[in-house]
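All remarks here apply to the structure that follows.
See the structure below:
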C-alpha cells in the first residue's frame, strides 16, 4: 500500500531530543511511526529552545511540549512556514488542580499552620470557606475552564475574564479583558491563569490590589510577571489583602532571601503545577488526539498564534 | 391565641450560655422565641459539658453545638429523658472542604514546599494528581458524603466505608466497616471521617498502614485516637506511606516537641476544620431546619444514638 497524506501510515513522527516512551506510545497508538527527523512530517520536541534542529521543509508541524513558549519566541525558533502547537491546554486539568490546592491551602490556613505549631488561636479565626465565595479567574483559557467545575463543586461562584469575553461554561459571569477591574472589585479571591504578554504584565499592581478585600487571596499558576511582586509584598504586609499562593515568581527561581519566603500568609510552590516528572505522561493523550486530527486533516488543538507569542 | 404543641408560637427556645445572635436569628426565623431555660421546651447549648445546667422536665430536646460529643458522654451529661442532637452533620460541608484542602496540600506537595525554599528538584517528582486516584473515606457519614462530590470533581474514585455498608451516592464502592481492610488495600489515599468509638480507635495501626502504598497520604479530620500515632510516625519515617495531613492529633493539642512537627511529609492544622469562630454561623441554617421539624413533629436531624456515644 502506498501511503497517501491522509493515511495514518503516512504519519511519520520524530520524537526528539529523546524518544520518550510515553510519546512514542502516543504516536504508535495514533497509527503513526517514529522516524528520524530527516524522514518526518511531524516533530515532537520535548525540551527548551536550545538545540531545536534546523527544520527541513517536509516538517509540517512542530509539537512543543511546554505550556508557555516565551523562550521559543525570544530565541527566534518559531517560523511561519509550518504549524506550531504548544501544550498549554494539555496540562490544564493538572494545573487547575494545583490552583485549587493553593487556594485551599491559603484560605483554610494550611500553610500558616505549617509555619507554626498548633497556633489554634491565630489560625482558627482566619479559616475561610469557598462556599459562597466569588473567585475571579483571570485568563479563563484551558486552565481556567478546568478550574470552574472544581470551584463550583466547592460552592464558589466563578467570575471569568477572557480575552474575548465569550461566556465560559459554568461561570456566573464572563467579561472581556478590558473589564478585569470590574471583576476584581467583586471578587473574594483571584486566580491568575493568563499568558504572559505585554497586556498582562503587572496586571496585579498597586492599583488593582487596592480593588481587592482584606480577606482576599491571590493565586498565580500562570507566569510570575503577571504580578508586580513589590506591590504584592506591600499589600501582604499592610493587610490590604490576606494572602497569596504562588507557583510562579518573578524572577524565577526567587532569590533565596526573597522577603516573600518569610511571610506566613504566602504559599510558594516551585513551579510544579505541571510537574516536569509527569510531563510526557500528561502530554501523551492530547498528543495522540492531535495526531489523529492531523491525519484526518482537522484543526489541531493548541496551535500557536504566530506573532502573538502564545 | 393559645399555643398548641404543634405551633411555632409554642417554640420556646433557650439559647445558652450566651444568646448568640446567629442562633437567636435561627430561632426567630423558625417562628420561635428565645426564652429563659425555666420556660423552654428546647435548649440550644453552645459550649462544652461543663456548666450544662440541671434540665427541667419540660426541656424536650437539647441541641448541642459540637460535632463530637465524647466529652458530654464522659461527663455523664446525656440522659434518656429527652432527645439530644449533636451538630456533626451541620458542619459536614466545611469539614469536607478542609479534608480536600489537606489531601491536596499533601499530594501537591504544598506543605513540603513551605518547609523549603524553591526546592524544585525535591518537590517536582513527588507532586501527584487526584485524577484517577482511589480515595478511601473511612466513615462516610455526613462529612464523607459531602466529600464524595469534591473528590469526584477532581477526577478521583471514592471507596466508601460506612457502618452499614449502605451505598453512598457517588462512591464507586461502599463496604461495611468490617471490610475496611479490603478498601485500604485498594486505596491510593485515605480520609478518616469516622466517629471515635471503641471500634474505630487505632483503626490506623501498624497492620493497616502496611496495607497502604508508598505514595499514600492519610488525612484525618475526625478524631486523633483513630490513628496509632506511634505507628504513623514509623510509617512516615520508613517510607511505608508518603505522608499524612492531620487536623486532629492524639493527644490534642500535641506536645510542642511532638516529632511529627519536624517531618516535611506531615501537614498539621490545629483542629480548625470546623473553625470555632464560624461555628454558630454554620450551625444557624441546620438548627432552623431542625426547629421547623420539631414544630411539625418530624424526625430531627443528627439525633444522638443514646448508648452509642455519637
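Residue numbers (this note's numbering), protein chains in the order written: chain A, 33 to 342; chain B, 33 to 342.
Each residue gets a CB set at the ideal place from its N, CA and C atoms; glycine is no exception.
{"Item": "Short-range partners of chain B found in the region 92-107 of chain A, where Cβ spacing is below 9 angstroms", "Value": "none"}
{"Item": "Minimum Cβ-Cβ distance from residue 129 of chain A to chain B less than 7 angstroms", "Value": "yes"}
{"Item": "Under 7 angstroms (Cβ pairs) to chain C, residues found in the region 149-174 of chain A", "Value": "Absence of chain C from the displayed structure is noted, the protein chains being A and B."}
{"Item": "The region 82-102 of chain B in contact with the region 133-151 of chain B per 3-pair CB rule at 8 angstroms", "Value": "no"}
{"Item": "Contact under 7 angstroms by Cβ, residue 332 of chain B with residue 322 of chain B", "Value": "yes"}
{"Item": "Cβ distance (whole Å) where residue 100 of chain B is taken to contact residue 227 of chain B below 8 angstroms", "Value": "7 angstroms"}
{"Item": "Amino acids of chain B, ordered along the chain, whose beta-carbon sits closer than 7 angstroms to that of residue 133 of chain A", "Value": "136, 137, 140 and 142"}
{"Item": "Helix, strand or coil at residue 180 of chain A [DSSP, three-state]", "Value": "helix"}
{"Item": "Inter-residue Cα distance where the pair is residue 49 of chain B and residue 78 of chain B", "Value": "7 angstroms"}
{"Item": "Minimum Cβ-Cβ distance from residue 122 of chain A to chain B less than 7 angstroms", "Value": "no"}
{"Item": "Which of helix, strand or coil DSSP assigns to residue 67 of chain B", "Value": "coil"}
{"Item": "Inter-stretch contact at 8 angstroms, needing at least 3 Cβ pairs: the region 165-172 of chain B / the region 217-224 of chain B", "Value": "yes"}
{"Item": "Nearest neighbour of residue 290 of chain A, chosen from A:275, A:306, A:335 and A:262 [CA to CA]", "Value": "A:262"}
{"Item": "Classification of residue 280 of chain B by the beta-carbon crowding that lies within 10 angstroms, buried from 16 upward", "Value": "buried"}
{"Item": "Per-residue DSSP class, three states only, for residue 198 of chain B", "Value": "coil"}
{"Item": "Residue span of the alpha helix (DSSP H) that contains residue 155 of chain B, given as start and end", "Value": "152-155"}
{"Item": "Interface residues of chain B facing residue 308 of chain A [CB-CB closer than 7 angstroms]", "Value": "156"}
{"Item": "Coil, strand or helix - residue 301 of chain B by DSSP", "Value": "coil"}
{"Item": "Buried versus exposed, by CB contacts within 10 Å (16 or more), residue 350 of chain A", "Value": "An answer regarding residue 350 of chain A cannot be provided, because it is not within the stretch 33 to 342 covered by chain A."}
{"Item": "Touch test, the region 179-199 of chain A against the region 124-134 of chain A, Cβ-Cβ under 8 angstroms, three pairs minimum", "Value": "yes"}
{"Item": "Cβ neighbour criterion (16 or more within 10 Å) applied to residue 189 of chain A", "Value": "buried"}
{"Item": "Within chain B, partners of residue 126 of chain A - CB distance below 7 angstroms", "Value": "161"}
{"Item": "Integer-rounded CB distance, given that residue 232 of chain B should sit under 8 angstroms from residue 258 of chain B", "Value": "5 angstroms"}
{"Item": "Within 7 angstroms, strictly: CB atoms of residue 149 of chain B and residue 288 of chain A", "Value": "yes"}
{"Item": "Under 7 angstroms from the C-beta of residue 259 of chain A: neighbouring residues of chain B", "Value": "None at all; the shortest Cβ gap to chain B is about 16 angstroms."}
{"Item": "Proximity below 7 angstroms, CB of residue 295 of chain A to CB of residue 264 of chain A", "Value": "no"}
{"Item": "Interface positions of the region 175-207 of chain B facing chain A (Cβ-Cβ less than 8 angstroms), listed along the chain", "Value": "181, 182, 184, 185, 186 and 187"}
{"Item": "Positions along the region 288-304 of chain A whose CB lies within less than 7 angstroms of some CB in chain B", "Value": "288, 293, 299, 300, 301, 302, 303 and 304"}
{"Item": "Reduced DSSP category for residue 318 of chain B - H, G, I as helix; E, B as strand; rest coil", "Value": "helix"}
{"Item": "7 angstroms Cβ cutoff, residue 230 of chain A in contact with chain B", "Value": "no"}
{"Item": "Cβ-Cβ separation, residue 46 of chain B to residue 72 of chain B (assumed contact under 8 angstroms), whole Å", "Value": "4 angstroms"}
{"Item": "Collapsed DSSP secondary structure at residue 73 of chain B in the structure displayed", "Value": "coil"}
{"Item": "beta-carbon residue 57 of chain B near the ligand HEM non-hydrogen atom, thresh 6 angstroms", "Value": "The ligand HEM is not among the ligands present in this structure, which contains no ligands whatsoever."}
{"Item": "Terminal residues of the alpha helix (DSSP H) in which residue 163 of chain B lies", "Value": "It is not in any alpha helix (DSSP H) - residue 163 of chain B carries neither H nor E in the DSSP assignment."}
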